[in-house]
Amino acid sequence: MKKQLLIICFILFGAVIAFAQQSVTGTVTAVDEPGGMPGVSVLEKGTTNGTVTNIDGQFSMTLKSEDAILVFSFVGYETQESLVAGRSAVDVTLNLDVATLSEIVVIGYGEVEKDDVTGAVATLGDTDFNQGVTTSPQDLLTGRMAGVSVTSAGGAPGSASTIRIRGGSSLGGATNDPLIVIDGFPIDDGAVSGLSNPLNTLNPNDIESFTVLKDASAAAIYGSRASNGVILITTKKGKSGKLKVNLNSQVSVSTPTKYVDVLTGDEYRELVTGLNGSDFSGIDDAALRKLGDENTDWQKEIFETAISQNHNVSVSGAAGGIPFRASYGFTDQNGILKTTSTTRHSLSLNLSPSLLDNHLKVNVNAKGTLANSNFGDEGAVGSAVNFDPTQPVYNGNSRYNGYFAYTTTTLPDGNIDPEGPSNTFISNPVAMLELRENTADVNRFIGNVQLDYKLHFLPELKANLNLGMDRTSTDGVDNALPGTTWTYRDYTGDNGRLLDYTSESNSELLEFYLNYNKKFGQHSVDVIGGYSWQHWERAGTTFDRNTDGTQVVQDTKDSDENFLVSFYGRLIYDYDSRYVLTATVRQDGSSRFIGDNHWGLFPSLALAWNLHNESFLEAVPSLSMLKLRLGYGVTGQQGLSPDLVDPYYPAIAKYLRSTTGASVQFGNDYYNTLRPAAYDANLKWEETTTYNIGLDFGFWDDKLSGSIEYYQKTTDDLLNNIPIADGSNFSNYLITNVGSMEISGLEVSLTGRLVSKADFTWSVGANFTYNTREITQLSKTNDPNDPGVQVGAIAGGTDNKIQILTVGHAPYAFYTFQQVYDANGNALEGIYVDRTEEGGEVISNQFNKYHNQNPNADVLVGINSRLNYKNIDFSFSGRWSIGNYVYNNGLADNSLSSLYQSSANGYFGNIRQSAAEIGFSVPQYWSDMYVQDASFFKMDNISLGYTLDGLFENKLKARLSFTVQNAFVITDYEGIDPEVDGGIDNNIYPRPRTYLVGLNLNF
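Position in the sequence shown (from 1) plus 11 gives the number in the working numbering.
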């Protein structure tokens, strides 16, 4: 018996020894990257036995237990456990941990943990960007954040976008654009000559994240430029480890979605022939002989299907121990309007070495862009709607390059003389495109070097130096070839027009701050104090003349500069990860102002209570996050609208050179004069005071998370361009501080991770925005009999305006007469409600007009979803805009009188079907029937992708995708597109529907 027990013990001991010597190997990969993951921690659960993966993601270790469970962890990825169960090889794939990735939040001049955020801050990472054609960074944001609206100016390649954060805090004198900071460099708020959108010089594929600072407590660290919010753009950086290459290629096809419903040639001939002899608008037998025999659809003549391409390649890793990322991008985007396009070459380089035993961190960013734009002639869009549909595109003449043109003479048979002098009131829309050379080349370089040094003798203290520059140069032409009809109006001779322009813009930045960060016990403090200096310098030339140079219309040179000098500080105090206080202050000095108004002080204070860290909530296991935030702050505005005559020296007495044509003759020579410009020596900062209360929440390990924000803002001393009495200054308009405005709103953001399994994930996001604005003061003396300042110029007539700024109303409200209808619901021409009940002619009394809605939506809702099932992914992004109204200027400018104009030997013009049905004899511009509800739902993007993983021995990962951009729109608005920036629809460049095929390779 003893012998048998001895044998059994020997066998068991041998088995234990054998197991103790058992090794396990494996490879760790990431769901978002090909190849192995270096640096992953591999730990035998319940022990200190572990290792890390090598550069190829491989590991090998000896286990201590036969029931061993391996725990795999890496920052930014979900921790994963795997039971060995006797296996000799264990391979795992780590999934991204969305919650962990969002734990660190970028703020002004630093980063903080999510629990320490006290202001209204929203972030968007590259995995959540909108899919589709993204030639501009703004496209990535559309509909994705509560309180942030992005509206493109139209469908032109590289068109500008209007970004508004919480509706904007300023009126017409100052810009409502947010401050944009790229990798710590604040970019110029002015326009870039020769470029529709200044941000187009930044390749969207280089962007890693957006952080939007929405309230004053978050944005006040940027002081005088933060009233309209701040957008922090962080670009992608290199990381240590094996070399990674990404190739992203897209090819797209864009098509028009809709055309304006106008009369066909046959319908037009029938209508005008029926009006013959009715003594209407000059239509008689002689006029009818000018009609053609064609059925030309001018809109289809100027629009086309456009094919575009976008290619990007990036290389990242470490060379000589220095992490780097380099990228090249090429975009060739063609517009659906013929002759319009934009081409962009972009280069980006980031170096991020750490020196002196990681005490000195260096971050070098360099971005260079060469962009070429062909703007065409967007006036052709409106011309195509209004041009005579009975005429051909070509009639074989020699004077106008064969394009049909209305002329001021007729042939003996009464037909139009094809070789006669040009009628300059109307132009052939195809000729407008083909005979105009409107192009620009723009070179831009943005770069900065940031040194972050942690003192050896006091590691809690860091010194940060940021040096940067932004240089842009433009060379452009806007030429009209000989035979262009409209040049005969302003230029002598038959040889067209030559216009050259150049522009140089330079910005230089120097910033230095000290940062002290210390934790002691339950307390932690994060303090910064810094200095900032930024200088802008601009210069440009314009030379406009006829082709042979015998007539010079404009020959000018201009230059300007401005400075901003600042001192700032911030304290973040945290007690026990429960209570957080943030206090900031910034003092800015701007060269735009003088005397005592040079400097402005902008403070803020915010408190946060992390309720989820309180003991009384420990019994609520479903609660993962609950934080209450309160914020107060004052921000400023010193950026004037670039559309003003003088946005850089508005407070300084100066003389301006007169425009070409306003000159004095001495002998045979003409000399420009110098004339005094209007100025306000007491001009000062616009100030916005904001109160914000917010609640952040998360349930079930943040499977459901979100935030609720309520805010109130008051802007005082509005920078406004107002009319002034004759003789009171050197102009009849002046930039001055006058008026105030109140803004309030509610924002809700929700994110739900509905399913989170190894081979199936599904997330849904939604955001809700309610915003209201009201002007509370508009003049230094409130006059109850003054309706306000009329704004919003429209097409038709001379200096007609449809909007108004009035105390007690929203900015840019439509100001119209109330239309009267007959018993059948038909509008009665020129008949309006006598709202004053004073009798007489209603339209002679402006007080019979009323404030009729405004272009800003009452409610904005954004939705998005992403679903991954094994190798298939599907996503979409859409948005509602509710309560926005649009003035249909194109329809309002149409009437039966538009059919024929007797001036310049007479010419015909088309009208819309609806205008013919309305039947007004002359335009009724101020009828409220043209202010239309433009609420809409727009599906911005739908994308379907398939991923091929593990190709070429797990060295290549490929994703194929198909995306539809601007997939569909649901609206009751009668125009082409209900999304109209500014609310006045006057034949904008239509937004196309785009079908895109993409290939993304990682190896």
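Glycine included, C-beta positions come from ideal geometry on N, C-alpha and C.
Supposed close pair residue i, residue j - CB separation, criterion 8 Å
i: valine 283; j: leucine 902; result: About 19 Å separates the two Cβ atoms, so there is no contact after all.
i: serine 938; j: phenylalanine 828; result: 6 Å
i: glycine 917; j: alanine 298; result: 6 Å
i: valine 800; j: isoleucine 733; result: 6 Å
Where the beta strand (DSSP E) through residue i begins and ends
i: asparagine 133; result: For the record, residue 133 in the displayed sequence is alanine; it is not asparagine. Where alanine 133 is concerned, the enclosing beta strand (DSSP E) stretches over 132 to 136.
i: valine 568; result: For clarity, residue 568 is lysine in the given sequence; the question names valine instead. Looking at the DSSP string, the run of the beta strand (DSSP E) that includes lysine 568 is 563 to 586.
i: proline 687; result: 685 to 687
i: aspartate 951; result: 947 to 961
i: serine 84; result: 80 to 84
i: tyrosine 279; result: No beta strand (DSSP E) contains tyrosine 279, which is instead part of the alpha helix (DSSP H) from 276 to 285.
i: isoleucine 115; result: 115 to 118
i: serine 516; result: 508 to 531
Status (buried if at least 16 other CB within 10 Å, exposed otherwise) for residue i
i: histidine 623; result: buried
i: glutamine 857; result: exposed
i: isoleucine 318; result: exposed
i: serine 181; result: buried
i: tyrosine 590; result: exposed
i: glutamine 461; result: buried
i: lysine 529; result: exposed
i: asparagine 287; result: exposed
i: valine 656; result: exposed
i: valine 117; result: buried
i: glutamate 720; result: buried
i: lysine 791; result: exposed
i: proline 1001; result: buried
i: isoleucine 813; result: buried
i: arginine 300; result: exposed
Residues near residue i in its chain [Cβ-Cβ closer than 8 Å; skip 5 each side]
i: isoleucine 115; result: Glu122, Val123, Glu124, Lys125
i: leucine 637; result: Asn621, Leu622, His623, Leu628, Leu706, Asp707, Phe708, Gly709
i: glutamate 985; result: Asn899, Leu902, Ser925, Gln943
Spatial neighbours of residue i in its chain, beta-carbon cut-off 6 Å, leaving aside the 5 residues before and after
i: threonine 307; result: Pro400
i: valine 262; result: Gln320, Val1008
i: valine 872; result: Phe779, Trp891
i: valine 563; result: Arg556
i: asparagine 257; result: Ser325, Asn1013
i: threonine 1005; result: Val144, Ser263, Ser265, Gln976
i: proline 429; result: Asn406, Asn408
i: asparagine 412; result: Gly494
i: isoleucine 605; result: Ala662
i: threonine 552; result: Thr513, Lys568
i: threonine 593; result: Thr129, Ile583, Ala617
C-beta atoms of residue i and residue j nearer than 7 Å
i: glycine 136; j: serine 220; result: yes
i: leucine 667; j: glutamate 697; result: no
i: aspartate 713; j: lysine 881; result: no
i: glycine 956; j: aspartate 884; result: yes
i: leucine 190; j: valine 132; result: no
i: tyrosine 499; j: threonine 420; result: no
i: asparagine 216; j: asparagine 323; result: yes
i: leucine 478; j: leucine 525; result: no
i: alanine 692; j: alanine 736; result: no
i: asparagine 731; j: glycine 240; result: no
i: asparagine 376; j: asparagine 459; result: yes
i: proline 334; j: glycine 249; result: yes
i: valine 749; j: isoleucine 786; result: no
i: asparagine 345; j: asparagine 952; result: no
i: valine 159; j: leucine 243; result: no
Residues near residue i by beta carbon distance below 7 Å, same chain, minus five either side
i: aspartate 983; result: Asp944
i: alanine 79; result: Glu55, Val95
i: valine 775; result: Gly763, Leu765, Ser876
i: leucine 444; result: Ile313, Lys349, Thr350, Gly387, Asp388, Ala391
Residue range of the alpha helix (DSSP H) that includes residue i
i: leucine 348; result: Leucine 348 -> no alpha helix (DSSP H), and no H or E assigned at all.
i: tyrosine 499; result: 498 to 501
i: glycine 901; result: 900 to 903
Min CB distance residue i to chain C below 7 Å
i: leucine 706; result: The displayed structure is made up of one protein chain only, and chain C is not part of it.
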